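The structure under discussion appears below in the form of structure tokens.
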Amino acid sequence: MTYTSILYLLIFLPGVMLFYQLVPVRHRYKVLLAASWLFFLSLSGKLIVYLLLSTLSVHHIGLWLSSCKKSLDLTGASVEEKKSLKAAYAAKKRRILWFGLGIQLGMLIVLKYSGFFSDNMNHLLKAVSYPNLLPGMKFALPIGISFYTLQAVSYLVDVYYEKIPADDHLGRLALYLTFFPILMEGPICRYAQTANALTEGKPLEYKNVTYGFQRVLWGLFKKLIIADRLNLLVETVFGSYKQYGGIVVIVGAILYTFQLYADFSGCIDMTIGTGEVFGITIPENFRQPFFSKSPSEFWRRWHITLGTWLKDYIFYPISLTGPVKKFGKKARTKLGKHVGQVVASSPALFGVWICNGFWHGNGWHYLFFGMYYFVLIMLENLTEPYVIKTAEAFKINRNNLIYRIFQSVKLLIIVFTGELFFRADTLTAGFSMFSSIFTGFNLKALKDGSLLHLGLTIPDYVAVFFGFLAVLAVGIIHERGISIRERMSGLKLPVRWTLYYGAILLVIVLGAYGDGYLPVKLIYAGF
Amino acid sequence: MHAGNKLRTLSFITGLIILLYIMSLLFLPANTGAEGLYKKAGGIYKEPKNTIGYLSIGDSESTTSISPMEIWNAYGYTGFNCGVPGQRLQDTYYLLEKVLNKQSPKVVLLETNACFRDFKYINALETTIDEKTKKLFPIYQYHNNWRYFHFYMLKNISTGVADKPSPVYKGYQYNVINKPYIGGPYTAETDEVGEIQDQPQLYLEKINALCKEKGIKLILYSSPSPKNWTYAKHNAVKQFADKHNLDYMDLNLALDQLSIDWTTDTRDSGDHINYYGAKKVSAYMGSYLSGLNLLTDHRQDPRFAPWNNEFKTYETQTRQISK
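As given, the protein sequences belong to chains E and X, one line each in that order. Reminder that position 418 of the first sequence reads as 426 in our numbering, one-by-one numbering, no gaps. Reminder that position 214 of the second sequence reads as 221 in our numbering, one-by-one numbering, no gaps.
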């Protein structure tokens with residue numbers, strides 16, 4: 009059962025809504041929690057043990073951190089005693105935090121990365137003529153582990169820094185970690201953003217339900233009409249990359265990027281829409297990323313909740329460590345204000361991008377993907393003042409259309425290249441595909457019908473093209489700050505209903521599912 | 008929710024149901040001329056009565072491994088690949104039972120991968136809901152016919168004419184994607200015997216009993232698949248075959264005879280074979296069927312002329328795409 013299945017859309021979700029509305033307010037969160045665990049069970053079965061372990065440990069450690077503070081009694085202590093008591097308290101608190109993080113991250117690392125580490129270690133040993141020492145390890149991954157682990161970590165760190173109080177309500181914490189719409193692909197929510205709303209038990213309201221389903225429908229449009237259809241071509245090109253080069257690989261990389269966007273942002277639309285149905289505001293994860301002008305802006309608009317998580321829990325903590333602070337001071341003294349500042353931020357930025365790459369999966373190509381953006385963003389930060397100065401010297405208006413188009417094209421090339429390596433099966437395959445763009449470049453592919461032998465027919469291209477135009481138009485409207493749903497709610501009922509019926513029919517008719525199409529899993533659910 | 012809003016919601020859903028029902032009529036194959044697209048799934052029912060000599064059944068390992076067009080070309084045997092990806096043995100049994108109402112094949116080739124498919128209630132529930140939705144609103148099943156809409160569609164609704172059915176190569180899933188298997192040899196012998204769970208075991212026996220009852224020779228076969236096959240599974244199937252006196256062809260143990268090359272013959276790193284692999288398996292299987300002396304060569308029989316036409320289309324596509 010996934011968010012696009014008939015079982016989910018026609019039975020599961022309406023069933024949860026019905027039960028939710030029927031039970032008394034104080035028990036409504038229990039319906040959501042039971043539904044979430046049922047959803048988890050349907051996808052990962054007995055692996056729910058890991059989730060329950062994670063939930064119980066987060067709950068316990070949070071309370072432990074809280075009780076640790078309560079046990080700090082400074083009454084009647086001298087200044088010296090107070091100092092030593094506070095130091096002992098801080099050390100104990102830190103130990104508890106690391107213990108809690110160890111459990112959460114330990115489970116993630118063992119389940120997700122042990123195979124990668126053991127394989128690479130064995131390769132290394134083989135290179136120096138040692139036999140394989142480590143057994144090949146591969147564990148089944150519980151669905152959403154990469155997402156709920158980050159949520160658990162953020163909760164523990166926020167409790168540690170006393171940004172939020174520890175929650176003694178086990179049900180609320182469990183629901184915060186596993187609310188079924190966010191289970192598969194996030195977004196990565198913070199406790200302060202969703203936890204209270206999840207247990208509030210707001211009644212289903214007409215406006216919330218209609219707005220929610222509009223958003224779900226928009227998500228289905230992106231996922232079924234664009235992403236799943238493009239999958240046919242992407243699978244062909246990346247699956248048999250040795251047979252292709254030049255334009256075919258370029259088309260593969262471009263269409264994979266659109267597939268990934270339509271798949272991931274479509275799923276997030278369904279998630280946010282489902283939350284809306286129950287009166288729960290789930291944070292946005294995308295803000296028209298392809299309208300960005302630079303890689304750093306792109307990442308502020310793409311997978312926003314991962315970016316902010318990495319900023320808060322990787323970038324800042326690394327920046328504030330003693331050695332990094334010292335390094336920054338030295339860099340600013342020796343290299344001047346601008347370069348020094350950029351170099352000073354490099355250790356924290358490196359941490360962010362290595363984590364970003366690794367979080368996506370346990371292959372070298374994911375690490376390369378992270379490092380690719382690390383280098384690009386460092387370069388962007390380093391050259392920014394020089395670019396401004398050069399533009400001023402040549403009297404180039406950086407806001408004019410041509411310059412903006414140039415920036416957009418440059419960014420798109422960067423993004424498509426990054427996604428080529430991201431999607432490739434291995435780093436070697438990524439490099440092979442990248443080099444084949446140049447070695448196998450031939451304009452013939454545009455004329456000889458090669459593009460029609462990659463899994464998509466002309467009607468498929470037409471459907472994707474119009475689907476893409478719709479996404480572009482909605483993006484432009486949102487970029488201008490216009491709320492389409494507010495506008496639509498102002499229309500007369502017959503017009504509004506005609507639009508809704510039309511949209512539903514479009515998704516049913518043009519969706520790439522059923523005979524002739526293979527079921528496509530949500531891409532980010534695999535990370 | 009206010010009573011007015013409840014009424015509005017109810018009206019909207021009712022309107023949607025009516026709309027989907029009406030739209031379903033437009034998308035039925037008979038009205039769009041796109042019947043061929045669905046022959047893959049239900050095409051066997053469209054074959055003229057008692058014209059099929061052998062059937063291949065099972066899951067995706069069956070769909071991808073035997074191409075009846077190749078066997079037709081070499082031996083003139085009429086076969087249909089009824090494999091359905093992800094199919095459980097229960098469904099295979101019911102499908103076979105239904106097909107045997109119209110066809111009287113001499114041989115049934117059962118691919119054994121589904122014998123080890125774990126039964127999950129959620130999957131069964133999902134399939135049931137899907138099937139019910141398709142029945143209620145055929146637009147959900149036939150929606151892909153939008154690409155076959157044409158000017159005469161409305162005329163077809165009144166006459167029930169379905170023109171130009173596209174070929175489906177008698178159920179074979181044509182695929183030329185190549186993603187090599189690099190895991191090395193995988194057929195090391197062991198005495199370990201795998202377990203066929205209760206449910207598949209039950210339906211395996213039912214399939215055997217059904218074939219016996221109809222006088223059909225049931226042959227078990229395992230398609231080459233390093234990802235799914237193990238020697239322990241081989242032993243389990245072998246035990247069943249020996250117990251019931253059935254032929255068992257394990258193609259994983261005949262890789263040299265088949266000349267399977269894992270760098271070119273698999274579409275997904277050893278999970279399924281692609282067209283190049285299926286060509287080899289079909290040639291092997293054709294020769295085996297020929298040795299049985301149970302099937303008739305129909306190539307010169309004018310009643311089977313459509314098979315030659317479909318083979319021509321098949322040949323054109325396979326030449327064009329796999330060049």
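Ideal placement from N, C-alpha and C gives every residue a C-beta, glycine not left out. The model shown is predicted, which means the values in this text are computed figures rather than measured ones.
*DSSP on Lys171 (chain E), reduced to helix/strand/coil?*
In the three-state DSSP reduction, Lys171 (chain E) falls in the coil class, being neither helix nor strand.
*Can the beta-carbon of Leu419 (chain E) be found less than 8 Å from the beta-carbon of Phe306 (chain E)?*
At the C-beta level, Leu419 (chain E) and Phe306 (chain E) come within 8 Å of one another.
_Cut-off 6 Å between Cβ atoms - residues of its own chain near Gly5 (chain E), not counting five sequence neighbours on either side_ = Limits of chain E in this structure are 9 at one end and 535 at the other, which puts residue 5 (chain E) out of reach.
_C-beta atoms of Ala352 (chain E) and Phe335 (chain E) nearer than 8 Å_ = Closer than 8 Å, so yes.
*Own chain partners of Thr194 (chain X) with C-beta closer than 7 Å, once the 5 adjacent residues on each side are dropped*: If we look at Thr194 (chain X) and ignore the five residues flanking it on each side, its Cβ neighbours are Tyr238, Asn259, Leu260.
*Kindly indicate which residue of E:Asp468, E:Phe125, E:Gly283 has the alpha-carbon position closest to the one of Cys197 (chain E).*
Of the candidates E:Asp468, E:Phe125, E:Gly283, E:Gly283 places its Cα closest to the Cα of Cys197 (chain E).
*If Asp66 (chain X) sits next to Gln94 (chain X), beta carbons under 8 Å apart, how far is it from one beta carbon to the other, in whole angstroms?*
Confirmed, about 5 Å.
*Can you pull the chain E residues whose beta carbon is under 8 Å from the beta carbon of Thr140 (chain X), in chain order?*
In chain order: Ile14, Leu18.
*Report yes or no: is there a C-beta of chain X within less than 8 Å of the C-beta of Ile322 (chain E)?*
No Cβ of chain X is located within less than 8 Å of the beta carbon of Ile322 (chain E).
_Rounded Cβ spacing between Ser74 (chain E) and Ala174 (chain E) (contact assumed at less than 8 Å)_ = Between the beta-carbon of Ser74 (chain E) and that of Ala174 (chain E) there is about 4 Å, and that keeps the pair under the 8 Å contact cut.
*Relative to the alpha-carbon of Ala148 (chain E), which residue among E:Gly108, E:Tyr58, E:His486 has its alpha-carbon at the smallest distance?*
Comparing Cα-Cα distances from Ala148 (chain E) to each of E:Gly108, E:Tyr58, E:His486, the minimum goes to E:Tyr58.
_Reduced DSSP category for Val24 (chain E) - H, G, I as helix; E, B as strand; rest coil_ = When secondary structure is reduced to three states using DSSP, Val24 (chain E) falls in the helix class.
*What residues in the segment 199 to 218 of chain E have a beta carbon less than 7 Å from any beta carbon of chain A?*
Among the protein chains of the structure shown, namely E and X, there is no chain A.
*Could you please give me the residues that DSSP links to Val115 (chain X) through a beta bridge?*
Note: Val115 (chain X) sits in a beta bridge opposite X:Leu62, X:Leu225.
*So, does the CB of Ser173 (chain X) fall closer than 8 Å to a CB anywhere in chain E?*
Unreliable positioning characterises Ser173 (chain X) in this predicted model, as indicated by a pLDDT of 45, which lies under 50. The coordinate reading is nonetheless provided below. Proximity of Ser173 (chain X) to chain E, defined by a Cβ-Cβ separation below 8 Å, is not satisfied.
*Would you say Pro536 (chain E) reaches chain X, if we count a Cβ-Cβ gap shorter than 8 Å as a contact?*
Outside the shown range of chain E, which is 9 to 535, sits residue 536 (chain E), and nothing can be said about it.
*What first and last residue would you give for the alpha helix (DSSP H) that runs through Tyr282 (chain X)?*
Where Tyr282 (chain X) is concerned, the enclosing alpha helix (DSSP H) stretches over 282 to 299.
*Cβ pair Pro145 (chain X), Leu35 (chain X) closer than 8 Å*: Yes, the Cβ-Cβ distance between Pro145 (chain X) and Leu35 (chain X) is below 8 Å.
*Going by CA-CA distance only, name the one from X:Gly191, X:Asp254, X:Asp249 that's closest to Pro233 (chain X).*
Closest by C-alpha distance to Pro233 (chain X), out of X:Gly191, X:Asp254, X:Asp249, is X:Gly191.
*Just checking my contact of Arg274 (chain X) with Asn152 (chain X) at CB under 8 Å: how many whole Å lie between their CB atoms?*
Approximately 27 Å separates the beta-carbon atoms of Arg274 (chain X) and Asn152 (chain X); this is outside 8 Å, ruling out the contact.
*asked:* Going by C-alpha to C-alpha distance, which of E:Lys345, E:Val350, E:Arg495, E:Lys342 sits closest to Glu385 (chain E)?
replied: For the record, residue 385 (chain E) in the displayed sequence is Ile; it is not Glu. Nearest C-alpha to Ile385 (chain E): E:Val350.
*Selected residue, minimal CA-CA separation from Asn108 (chain X), among X:Gln180, X:Leu225, X:Asn57*: Comparing Cα-Cα distances from Asn108 (chain X) to each of X:Gln180, X:Leu225, X:Asn57, the minimum goes to X:Asn57.
*asked:* Please identify the residue among E:Ala42, E:Trp226, E:Ile490, E:Lys146 whose C-alpha is closest to the C-alpha of Ala478 (chain E).
replied: Ranking the options by Cα distance to Ala478 (chain E), first place goes to E:Trp226.
*Which residues in the same chain as Pro297 (chain E) place their Cβ atom closer than 6 Å to its Cβ, once the five residues preceding and following it in sequence are excluded?*
Only Phe306, Arg309, Trp310 meet the Cβ criterion.
*Any beta-carbon of chain E closer than 8 Å to the one on Asn185 (chain X)?*
Yes, Asn185 (chain X) counts as interfacial toward chain E.
*asked:* Below 8 Å on the Cβ atoms is my contact criterion, and I expect Tyr609 (chain E) with Pro303 (chain E) to pass it. Report the Cβ-Cβ distance as a whole number of Å.
replied: Because chain E here runs from 9 to 535, residue 609 (chain E) falls outside it and cannot be looked at.
*Which residues, in order along the segment 100 to 132 of chain E, keep a beta-carbon less than 9 Å from a beta-carbon of chain X?*
Result list empty, no residue passes.
*Mind checking which residues open and close the alpha helix (DSSP H) that includes Gly475 (chain E)?*
Per DSSP, Gly475 (chain E) belongs to the alpha helix (DSSP H) from 466 to 487.
*asked:* What residue range does the alpha helix (DSSP H) around Asn259 (chain X) cover?
replied: That residue, Asn259 (chain X), is in no alpha helix (DSSP H); it is neither H nor E in DSSP.
*Which parts of the segment 183 to 219 of chain E are runs of the alpha helix (DSSP H), unbroken and 4 residues or longer, counting only runs that do not cross its ends?*
Whole alpha helix (DSSP H) segments, 4+ residues: 188 to 191, 199 to 208.
_Under 9 Å, CB to CB, which of the residues in the segment 504 to 516 of chain E have a partner in chain X?_
Here the close residues are Trp505, Tyr508, Tyr509, Ile512, Leu513, Ile516.
*the segment 51 to 80 of chain X: which residues have C-beta closer than 7 Å to a C-beta of chain E, in chain order?*
Listed in sequence order: no entries.
*Which residue's Cα is closest to the Cα of Ile258 (chain E): E:Thr506, E:Phe402, E:Gly426, E:Arg103?*
Out of E:Thr506, E:Phe402, E:Gly426, E:Arg103, E:Gly426 has the C-alpha closest to the C-alpha of Ile258 (chain E).
*Using DSSP bridges, identify the partner residues of Phe87 (chain X).*
X:Leu62.
*With DSSP run on the structure shown, which of helix, strand or coil describes Thr265 (chain E)?*
Reduced to three states, the DSSP call for Thr265 (chain E) is helix.
*Out of curiosity, what's the CA-to-CA distance linking Pro207 (chain X) and Leu117 (chain X)?*
When only Cα atoms are considered, Pro207 (chain X) and Leu117 (chain X) end up about 13 Å apart.
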